[in-house]
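Below is one structure, written out as structure tokens, with a few remarks after it.
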Amino acid sequence: GAVVSQHPSWVICKSGTSVKIECRSLDFQATTMFWYRQFPKQSLMLMATSNEGSKATYEQGVEKDKFLINHASLTLSTLTVTSAHPEDSSFYICSARDPAGGEKLFFGSGTQLSVL
Amino acid sequence: DQQVKQNSPSLSVQEGRISILNCDYTNSMFDYFLWYKKYPAEGPTFLISISSIKDKNEDGRFTVFLNKSAKHLSLHIVPSQPGDSAVYFCAATRYNFNKFYFGSGTKLNVKP
Chain A
14 GAVVSQHPSW VICKSGTSVK IECRSLDFQA TTMFWYRQFP KQSLMLMATS NEGSKATYEQ
74 GVEKDKFLIN HASLTLSTLT VTSAHPEDSS FYICSARDPA GGEKLFFGSG TQLSVL
Chain B
3 DQQVKQNSPS LSVQEGRISI LNCDYTNSMF DYFLWYKKYP AEGPTFLISI SSIKDKNEDG
63 RFTVFLNKSA KHLSLHIVPS QPGDSAVYFC AATRYNFNKF YFGSGTKLNV KP
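Residue numbers (the numbering used here), protein chains in the order written: chain A, 14 to 129; chain B, 3 to 114.
As structure tokens, this is what we get:
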């Protein structure tokens, strides 16, 4: 199946700093990528839909100024957690659909963010 | 409003037996349904999917059944193996794939 690469796998940062997470589609072009967040023992919460060349669409309750999404190319989307605080600590996962692959959504390996 | 629901947070099954994971949905307009498997600290991996025009899809040990009248789908794993122990998510989407709705997950434990 299609491969979605996400980096870093984990990051520890101090409160107030910003953290960038990268999501790449390695063998296909993704006009749309999705960013999810998972709290411990909870479901995947869609944060935003990243659209290549245009602004991301954020879900209700997600602060667009805190979670900056950039989708500058057909293979790369980035999520920047700005001025991170301990409550932002979570597991962040990106996903993308290969247009030639039908309905399947492929996920990156996730990023565990810990804010001290 | 949660459009996809998995009402069983956990399931325990003996190795070799059948595992049945259930999922309900509310939107009759969904066109595709998918099942994902997730290990801790990893991204979900695609398992199997089914189109709304079908009622069954099989891939090896995995079979998904769709009952549109009941708005219900299930994933059958036969025979279950210890390596199947993971959290399973069902998901649904429309034909335009603009959004994927996920259930809350069911943690499957296959005992040796």
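Even glycine gets a Cβ: it sits at the ideal position worked out from N, Cα and C.
All values reported here derive from a predicted model rather than from experimental measurement.
{"Item": "Where Ser106 (chain B) and Lys7 (chain B) are concerned, what is the direct C-alpha to C-alpha distance, given to the nearest angstrom?", "Value": "6 Å"}
{"Item": "Taking the beta strand (DSSP E) that Met58 (chain A) falls in, what are its first and last residues?", "Value": "57-64"}
{"Item": "Taking CB distances under 8 Å as the criterion, tell me whether Arg37 (chain A) reaches chain B.", "Value": "no"}
{"Item": "Might you give, ordered along the chain, the residues of its own chain that have their beta carbon closer than 8 Å to the beta carbon of Thr47 (chain B), omitting 5 neighbours on each side?", "Value": "Tyr38, Lys39, Lys40"}
{"Item": "For Val128 (chain A), collect the residues of the same chain with a Cβ closer than 7 Å to its Cβ; drop the 5 residues on either side in sequence, then sort them by chain order.", "Value": "Cys26, Ser28, Ala97, His98, Pro99, Asp101, Ser102"}
{"Item": "Cα-Cα, which of B:Ser82, B:Ala93, B:Asn98 is closest to Lys113 (chain B)?", "Value": "B:Ser82"}
{"Item": "Taking only the alpha-carbon atoms, compute the straight-line gap between Gln51 (chain A) and Tyr71 (chain A) and give it to the nearest angstrom.", "Value": "16 Å"}
{"Item": "Anything in the stretch 108-120 of chain A with a Cβ closer than 7 Å to a Cβ of chain B? List those residues in chain order, please.", "Value": "Arg110, Glu116, Lys117, Leu118, Phe119, Phe120"}
{"Item": "Should Thr95 (chain B) go down as buried or exposed, given a rule of 16 or more other Cβ atoms within 10 Å for buried?", "Value": "buried"}
{"Item": "Give me the subset of the stretch 43-61 of chain A whose CB atoms are less than 9 Å from a CB atom of chain B, sorted by chain position.", "Value": "Thr45, Phe47, Tyr49, Gln51, Lys54, Gln55, Ser56, Leu57, Met58, Leu59"}
{"Item": "Label Gln19 (chain A) either buried or exposed according to how many other C-beta atoms from any shown protein chain fall within 10 Å of its C-beta, with 16 as the threshold for buried.", "Value": "buried"}
{"Item": "Give the interface partners of Gly105 (chain B) over in chain A, defined as CB-CB distance under 8 Å, in chain order.", "Value": "Ser56"}
{"Item": "Which residues bound the beta strand (DSSP E) around Tyr34 (chain B)?", "Value": "34-40"}
{"Item": "Measuring only between beta-carbons, confirm whether Pro46 (chain B) sits less than 8 Å from chain A.", "Value": "yes"}
{"Item": "By how many angstroms is the C-alpha of Phe119 (chain A) removed from the C-alpha of Pro112 (chain A)?", "Value": "11 Å"}
{"Item": "Just by C-beta distance, which residues in the stretch 73-106 of chain A are closer than 8 Å to chain B?", "Value": "Phe104, Ile106"}
{"Item": "Per DSSP, which one or two residues make a beta bridge with Ala109 (chain A)?", "Value": "A:Met46, A:Phe119"}
{"Item": "For Leu36 (chain B), which residues from the same chain have a beta carbon less than 6 Å from its beta carbon, with the 5 sequence-adjacent residues on both sides left out?", "Value": "Ser51, Ala93"}
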